[in-house]
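Peer 1:
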Amino acid sequence: MLKNLKKITNFKILARDSNDTFGKVKDIYFDDEKWGVRYLVVDTGKWLTESLTLVSPYNVIEVDWVEGTVWVNLTKKQIENGPKAQLNKPVTRLYEVQYNNYYGLPNYWANGLGIEIDGLWAGSYYPHRPENFEIYNSSMDSEIEKNQHLRSIGEVLGYHIQAVGDDDFGAITDFILEEATWALRYIVIDTHKFWPGGKKILFSPAWVEKFDWNAKKLVTYFHRKVIESCPEYNPEIPIENIIEESLFSHFGKSGNWNLKGWDLKGMDYTSHHPK
């Protein structure tokens, strides 16, 4: 199912050994290259010396969108003794290796040879723990120093959207999450402050050229006029295939949606550039 990602902020985190809340979701780290959620940033309050910790989607059992809770396959003791991240600084690949080793998780960015491969979850549609994860995590030395793509959702909300010709036409207000895979299916853009009679629209990550981090902008491949005339997004109406097909048709693209996950015909799932 497709969900508004921002809604998960402030959801309570529940450990597997207790019905008590051990924290709340404060922020979300996503991968700006693969366009998927990598970590929930959890504020644990006063029971930990370091009040902020990370929870991987690998460890999420269930998200209850009605009750506002996230059940995780971790104990409070595991979290208390886990690697501490300095979240006022970028999360390093070295920290991620330590984190994954502690929790027994695969490194999502590479295969067993330490070679980076395509796919949001390293070639799999879903975050899961491979049977041979010890082998899967080997030979990581060359990966540790690679450029990071982890970004804060809280940071990019409000970023302006730049069309071809340096024309700003909207701002990021939310993301649409594919719940089963933790992929970011769409960017929600609000254009009301940029032209009379503006609206909210959905925009595929496949149509993004890049983030301009210095200018705090997301740069697209399309001209403003094309985007202005695209179908309006109504958050009260569930996003179904017919809505997605209409959206892709407007931009001259085609899409394929199925139970295994999301793929784009004629596009590389992990690429920013339409073929």
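Each residue of the sequence shown is one higher than the one before, counting from 5 in the numbering used here.
From the three backbone atoms N, C-alpha and C, an ideal C-beta is built for every residue, glycine too.
1) Would you decide whether D24 is buried or exposed? Buried here means 16 or more other CB atoms lie within 10 Å of its CB.
2) I'd like the list of long-range same chain contacts for K221, defined as Cβ closer than 8 angstroms, with 5 residues on each side in sequence excluded.
3) So, helix, strand or coil for E37, using DSSP?
4) Within the continuous alpha helix (DSSP H) that includes E100, where are the two ends?
5) From H254 to Q152, what does the alpha carbon distance come to, in whole angstroms?
6) With R228 as the anchor, note down where its beta strand (DSSP E) starts and where it stops.
7) What residues in its chain sit with their C-beta under 8 angstroms from that of Y99, if we drop five residues either side in the sequence?
8) If distances are taken between C-alpha atoms only, which option among S233, F207, V95 and P239 comes closest to T224?
9) Tell me whether the segment 239 to 247 and the segment 193 to 200 touch, counting them as touching only if at least three CB pairs, one residue from each stretch, are closer than 8 angstroms.
10) Buried or exposed: R42, going by 16 or more other Cβ atoms within 10 Å of its Cβ?
11) At which residues does the beta strand (DSSP E) containing V74 begin and terminate?
12) Quick one: is E138 buried, meaning 16 or more other Cβ sit within 10 Å of its Cβ, or exposed?
13) Go to L18, then tell me how far its beta strand (DSSP E) extends in each direction, as first and last residue.
Peer 2: Looking at the atomic coordinates:
1) exposed
2) Excluding the 5 residues flanking it on each side, K221 has same chain C-beta neighbours closer than 8 angstroms at Y163, H164, I165, Q166, D172 and F215, in chain order.
3) coil
4) R97 to Y107
5) Taking the straight line joining both Cα atoms gives about 33 angstroms.
6) Premise fails: R228 lies in the alpha helix (DSSP H), R228 to E232, not in any beta strand (DSSP E).
7) P87 and A89
8) F207
9) With the cut-off at 8 angstroms, the segment 239 to 247 and the segment 193 to 200 do not touch.
10) With 16 or more other Cβ atoms within 10 Å, it is buried.
11) Run containing V74: T73 to V76, per the beta strand (DSSP E) assignment.
12) Low confidence applies to E138: its pLDDT is 49, below 50, so where it sits in the model is not reliable, and the reading given next is rough at best. E138 comes out exposed.
13) K16 to L18
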